[in-house]
């Protein structure tokens with residue numbers, strides 16, 4: 003189990019970031035940092051690499067797809083797994099994201115157990 007992993011939460015709604023932070027803390031994750039959009043996340047990642055990025059799909063400035071694409075341009079950041087979350091429950095969303103190389107997707111709302119399962123799966127693949 004990778005509960006000591008560092009995780010970056012990216013969402014333009016502070017309320018959602020707070021909910022995700024509390025959910026992750028209740029699951030046992032403590033090493034968390036936050037960003038309000040993809041631009042802020044990229045700036046943070048350049049100085050503070052993490053083990054996993056959990057990002058919302060729809061955000062101003064730079065959305066989750068833009069963040070992922072920018073990360074792929076940097077050899078260090080390209081190794082960080084990305085979990086893309088969205089409030090739009092469509093199969094097209096997940097299919098497009100996975101086709102681009104995003105490792106995992108979740109549609110809001112989701113249960114803490116689902117989030118934990120996705121995180122553990124991504125970290126097992128990237129850290130082992």
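Numbering (my numbering), first residue to last: 3 to 130. In this text, a Cβ means the ideal position worked out from N, Cα and C, and glycines have one as well. Just so we're clear, the structure is a prediction, and the values are computed from it rather than from any experiment.
* Nearest-angstrom Cα separation, counted from residue 88 out to residue 62 -> Taking the first residue of the chain shown as position 1, residue 62 is located at position 60. Taking the first residue of the chain shown as position 1, residue 88 is located at position 86. Each residue's Cα considered, the two are about 14 Å apart.
* Leaving out five residues before and five after residue 127 in sequence, what residues of the same chain have Cβ atoms less than 8 Å from its Cβ? -> Position 125 of the chain shown holds residue 127. So the list reads 83, 105, once near-sequence residues are dropped.
* Asked: Candidates 49, 86, 123: which alpha carbon is nearest residue 76's?
  -> On the chain shown, position 74 is the one that residue 76 refers to. Out of 49, 86, 123, 49 has the C-alpha closest to the C-alpha of residue 76.
* To do: Apply the 10 Å Cβ neighbour rule to residue 2 and answer buried if 16 or more other Cβ atoms are within range, or exposed otherwise.
  => Lying before the first or after the last residue shown, residue 2 is absent from the chain, which here runs from 3 to 130.
* **Extent of the continuous beta strand (DSSP E) run through residue 106** => Position 104 of the chain shown, counted from the start, is the residue given in the question as residue 106. 106-109 is the extent of the beta strand (DSSP E) around residue 106.
* Please report the Cβ distance between residue 159 and residue 22, rounded to the nearest whole angstrom; I am assuming they are in contact, meaning their Cβ atoms lie under 8 Å. => The chain is shown from 3 up to 130; residue 159 falls before or after that span and cannot be answered.
* To do: Measure from the alpha carbon of residue 114 to the alpha carbon of each residue in 41, 14, 27, then state which is nearest.
  => Residue numbering aside, residue 114 sits at position 112 when the chain shown is read from its first letter. Nearest of 41, 14, 27 to residue 114, Cα basis: 27.
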